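Student:
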Amino acid sequence: MVGKAACSVCVPGKYSTTIAATSDVCVQCPLFSNAVETSGLRSDCTCNVRSTGSDGGPCLNCVAGKYKNVGGESQCLSCPSGTFSTVVGASSSSVCTQCGENSHAPQATNNIANCTCNSGSSGPDGGPCTKCVAGKCKVNSGDAEYTSCVQGKFSVEIGANADPCQVCASNSNSPLASAKITDCTCNLGWTGPLGGTCSTGNAGTYKTTSGSAAYSVCTAISHSPPESMSIPACICNAGWSGQDGGTCSMCVANTYKSVSGSSPCVSCPSNANSLPKSIVRTSCECNAGFSGANGERCSACPGNTLKLISGPTACFQCGASRFSTCLCTSSQIAYEEAWRSPTSLQSMLQDLKVRSPVPISDVPFNGCVATRDLLARRPESGIDCGCFGWGEDRFDVVSKPDTAL
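Anchor point for the sequence shown: position 53 equals 64 in our numbering, and the numbering is continuous, going up by one each time.
1. Indicate whether Thr-158 and Cys-148 have their beta-carbon atoms separated by less than 9 Å.
2. Which runs of the alpha helix (DSSP H), 4 residues or longer, sit entirely within the stretch 21-45?
3. What is the DSSP secondary structure of Asn-172, reduced to helix, strand or coil?
4. With 16 as the cutoff for other CB atoms within 10 Å, does Gly-314 come out buried or exposed?
5. So, are the CB atoms of Cys-246 and Ser-227 less than 9 Å apart?
6. If we count the other Cβ atoms within 10 Å of its Cβ and call it buried at 16 or more, is Ala-31 buried or exposed?
7. Name the DSSP bridge partner or partners of Tyr-217?
8. Looking at the secondary structure, which residues open and close the beta strand (DSSP E) in which Asn-72 lies?
9. Quick check: what's the CA-CA separation for Val-263 versus Ala-311?
10. Taking C-beta to C-beta, are Val-167 and Ala-145 nearer than 9 Å?
11. How many angstroms separate the CA atom of Tyr-267 from the CA atom of Asn-298?
12. Between the Cα of Tyr-26 and those of Val-150, Cys-40, Phe-165, spot the shortest distance and give me the residue it belongs to.
13. Straight-line CA distance for Thr-293 to Gly-322?
14. Taking the straight line between their C-alpha atoms, what separation do you get for Ser-89 and Thr-28?
15. Grouping DSSP H, G and I as helix and E and B as strand, with all else coil, what is Ser-132?
16. One question on the structure: do Thr-196 and Ser-210 come within less than 9 Å of each other, judged by their Cβ atoms?
17. With C-beta atoms as the reference, is Cys-73 less than 9 Å away from Ser-65?
18. DSSP state of Thr-193, grouped into three classes?
19. Could you give the distance in angstroms between the alpha-carbon of Ser-252 and the alpha-carbon of Cys-143?
20. Are the CB atoms of Thr-120 and Gly-153 within a distance shorter than 9 Å?
21. Looking only at its chain, what residues have a beta carbon closer than 7 Å to the beta carbon of Val-98, apart from the 5 residues adjacent to it on each side?
22. Measure the CB-CB distance between Ser-302 and Ala-325 and report whether it falls below 9 Å.
23. So Thr-216 and Ala-180 are in contact, right, with Cβ under 8 Å, and what is the actual spacing, rounded?
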């Protein structure tokens, strides 16, 4: 317009570099930028709040995870670590949202899934994240599972981010992921308080469960080694027999058993006897009327000889003395009895000697022999006569000739 009219100015958001322009030559600032009124340079277009770039453009909105609260060419600011933002072109830090409890994220995080669980906590990326319970731990961050304390270890720490597992006391154990010391229980064969010191069972005891229960005791006629863990560990003593862990029965007379365990009692050799509960083969003594070493073969006394007691003594000759004549005439055999120990025979000998006639008299001797029933073969037919009046302790007289006969 010709005349006195004033020049028109470029409005905010536009600029013009043209001098003495006669028409609207104002140019729009680049996207996401602005300029003050009457701007005459492109560089007067500065990036808006929430955008960044060089003066004059181009300008870009702050990406998610960042914000910018002033105009100009300054950089967008990052949301701090531990937060995230999904907003593009944010103008305030208020868009930065805190990650869930027990999780973390790096600066400028733009997705909740980048909030990963801390070490010591576990859960999916983005949460929720839960602290490791006692008995478990997690060393690395992320969505990895907990690591459990192995058997024989425990941990009381919650949220452990390093190996917190402690070893149970000796001779005790614990299940996987144990969370307290009392989960450590004494092994089989050992006992003690939960989580405490375990002591071994003594010989002759057993314990079939773990924990603080007391030992069980084997029967009096069986035994077990220390640390026994089952009833069958109790085995019958020598001289007794039965199934391991079961009832033990004594070896009867005329048998023996020299080892512990379930093996059967062994019979003595033929024509030998032993006491009940005998534990060695040499307990087997040749019967009266048989001779041989203890535990060995027993041979019958030959004709015209006699042996009155069990044991390894030799058969003695009939007719060697009045005593031997009396016995051989009245009996012709050793005792026909099931079993009798030498001790009891010795007692009978002493008793009969007290009541016997003096050796110098033939009358009682001859009368005794004459009254014998030679066919009776009674169990003690050689002892119930006054013949012992002609004998001495332990039958030593059989080796001494009787001149009075």
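We put the CB at the ideal spot given by N, CA and C, even for glycine. As the structure is a computational prediction, the values presented were derived from the model and not from experiment.
Tutor: Per the coordinate set shown:
1. Here residue 158 refers to the residue found at position 147 when the sequence shown is read from its first residue. Here residue 148 refers to the residue found at position 137 when the sequence shown is read from its first residue. In this structure, Cys-148 lies closer than 9 Å to Thr-158 by Cβ.
2. Runs found: none.
3. As a first step, residue 172 must be located in the sequence shown, where it is residue number 161. In the structure shown, Asn-172 sits in coil (DSSP, three-state: anything other than H, G, I, E or B).
4. Counting from one through the sequence shown, the residue named residue 314 turns up at place 303. Counting the other Cβ atoms within 10 Å of the Cβ of Gly-314 gives fewer than 16, which makes it exposed.
5. Your numbering for residue 246 matches position 235 in the sequence shown. Your numbering for residue 227 matches position 216 in the sequence shown. In the sequence under discussion, the amino acid at residue 246 is Ile, which differs from the Cys named in the question. No; because the gap between Cβ atoms is not below 9 Å, this pair is not in contact.
6. Taking the sequence shown and counting its residues from 1, one reaches residue 31 at position 20. Ala-31 is exposed by the Cβ-count criterion.
7. The count along the sequence shown starts at 1 and reaches residue 217 at position 206. Assignment of beta-bridge partners to Tyr-217 by DSSP yields Ser-227.
8. By one-based count along the sequence shown, residue 72 stands at place 61. Per DSSP, Asn-72 is one residue of the beta strand (DSSP E) stretching across 70-72.
9. Your numbering for residue 263 matches position 252 in the sequence shown. Your numbering for residue 311 matches position 300 in the sequence shown. Whole-angstrom Cα-Cα distance: 24 Å.
10. Position 156 of the sequence shown holds residue 167. Position 134 of the sequence shown holds residue 145. Their beta carbons are under 9 Å apart, which means Val-167 touches Ala-145 by this criterion.
11. Working through the sequence shown from its first residue, we reach residue 267 at position 256. Working through the sequence shown from its first residue, we reach residue 298 at position 287. When rounded, the distance between both Cα atoms is 16 Å.
12. Taking the first residue of the sequence shown as 1, we reach residue 26 at position 15. Check the Cα spacing between Tyr-26 and each of Val-150, Cys-40, Phe-165: the tightest is with Cys-40.
13. Within the sequence shown, residue 293 is the residue found at index 282, counting from 1. Within the sequence shown, residue 322 is the residue found at index 311, counting from 1. Just so you know, the alpha carbons of Thr-293 and Gly-322 end up roughly 10 Å apart.
14. Taking the first residue of the sequence shown as 1, we reach residue 89 at position 78. Taking the first residue of the sequence shown as 1, we reach residue 28 at position 17. Spanning the two alpha carbons is a distance of roughly 36 Å.
15. Taking the first residue of the sequence shown as 1, we reach residue 132 at position 121. The answer is strand: DSSP assigns Ser-132 an E or B state.
16. Against the sequence shown, residue 196 aligns to sequence position 185. Against the sequence shown, residue 210 aligns to sequence position 199. Annotated as distal: Thr-196 and Ser-210, with beta-carbon spacing of 9 Å or more.
17. For the purposes of this step, residue 73 is identified with residue 62 of the sequence shown, where counting begins at 1. For the purposes of this step, residue 65 is identified with residue 54 of the sequence shown, where counting begins at 1. Cβ atoms of Cys-73 and Ser-65: not closer than 9 Å.
18. Locating residue 193 in the sequence shown gives position 182, where the first residue counts as 1. Correct three-state label for Thr-193: helix.
19. Counting from one through the sequence shown, the residue named residue 252 turns up at place 241. Counting from one through the sequence shown, the residue named residue 143 turns up at place 132. Separation of Ser-252 and Cys-143 (C-alpha to C-alpha, rounded to the nearest whole angstrom) is 57 Å.
20. The sequence position of residue 153 within the sequence shown is 142, counting from 1. The sequence position of residue 120 within the sequence shown is 109, counting from 1. No.
21. Counting from one through the sequence shown, the residue named residue 98 turns up at place 87. For Val-98, where only same-chain residues beyond five positions count, the Cβ hits under 7 Å are Ala-75, Val-106.
22. Reading the sequence shown from its first residue, position 291 is the one you call residue 302. Reading the sequence shown from its first residue, position 314 is the one you call residue 325. Cβ atoms of Ser-302 and Ala-325: closer than 9 Å.
23. As a position in the sequence shown, residue 216 is number 205, starting the count at 1. As a position in the sequence shown, residue 180 is number 169, starting the count at 1. Not a contact, Cβ separation roughly 20 Å.
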